[in-house]
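I have placed the structure first, in the form of structure tokens, so that the comments after it can refer back to it.
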Amino acid sequence: AEGTELAKLLRAGALAAPLYRRSLPIWEKALGQTPQPPGTVNQFSFALGGLASIEGRQGRFEAAETLYKRAIALIDDARDRDHPLMARPLQGLATLYARQGEYDSAEALYKRAVAILEDSLDRDHPRMAAALQGLSGVYSARGENGAAEALLKRALDIRVKALGEGHPDVALTRDLLAKLRSAKPGT
């Protein structure tokens with residue numbers, strides 16, 4: 082079943098990537114307009130992040146890294162360095178690094194994303210749960226299961242409050258917590 086889901090994601094990416102590639106020059110042009118059309122920075126950064134995510138899933142890590150870094154630079158130039166919009170490409174780049182085993186780089190980016198979200202949104206905002214879950218994955222991969230579990234518990238609490246017990250994201254976080262606990266000796 083996992084292979085089938087991966088195949089679906091890769092097919093979806095193959096369909097979406099050309100659309101993102103066609104949209105990027107349009108956003109680039111809009112970015113240079115005065116006045117800038119509303120939402121240009123947000124939409125351009127989302128398009129960059131969307132294409133970066135696809136590139137990363139397809140194993141094109143350098144291309145993905147370049148796109149995420151471009152989104153980060155775009156937001157950094159147009160907004161405050163700690164704008165909540167910054168958390169999304171930081172998390173994307175952190176995920177990319179974690180997939181490649183670059184855990185120190187991933188940890189730093191996840192921590193920055195968490196700090197931005199804690200400062201700009203409610204501490205229990207649903208977006209926080211994804212950042213905590215990503216950081217938990219880094220700790221888990223390093224064998225730091227205590228730290229990973231604490232973050233997953235917090236992510237689970239946030240998701241239960243925000244989404245309710247029956248939401249798939251709650252189930253996913255519960256599954257990750259169960260997997261982590263089953264890997265711990267003595268549990």
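The opening position of the sequence shown corresponds to residue 82 in the numbering used here, with each subsequent residue numbered one higher.
Glycine residues also receive a C-beta, built at the ideal position from the N, C-alpha and C atoms.
Here the structure is a predicted model, which means the values were calculated and not measured.
Distance between K234 and E109 (C-alpha atoms, nearest Å): 41 angstroms
Residue interval of the alpha helix (DSSP H) (run including L177): Per DSSP, the continuous alpha helix (DSSP H) segment holding L177 begins and ends at A168 to R180.
Beta-carbon gap between L244 and P207 smaller than 8 angstroms: Cβ atoms of L244 and P207: closer than 8 angstroms.
Cα-Cα separation, P118 to M167: 20 angstroms
For L257 and Q214, believed in contact at Cβ under 8 angstroms, the rounded distance: 7 angstroms
Own chain, CB closer than 8 angstroms to R240, minus 5 neighbours either side, in chain order: P207, A210, H248, D250, V251 and T254
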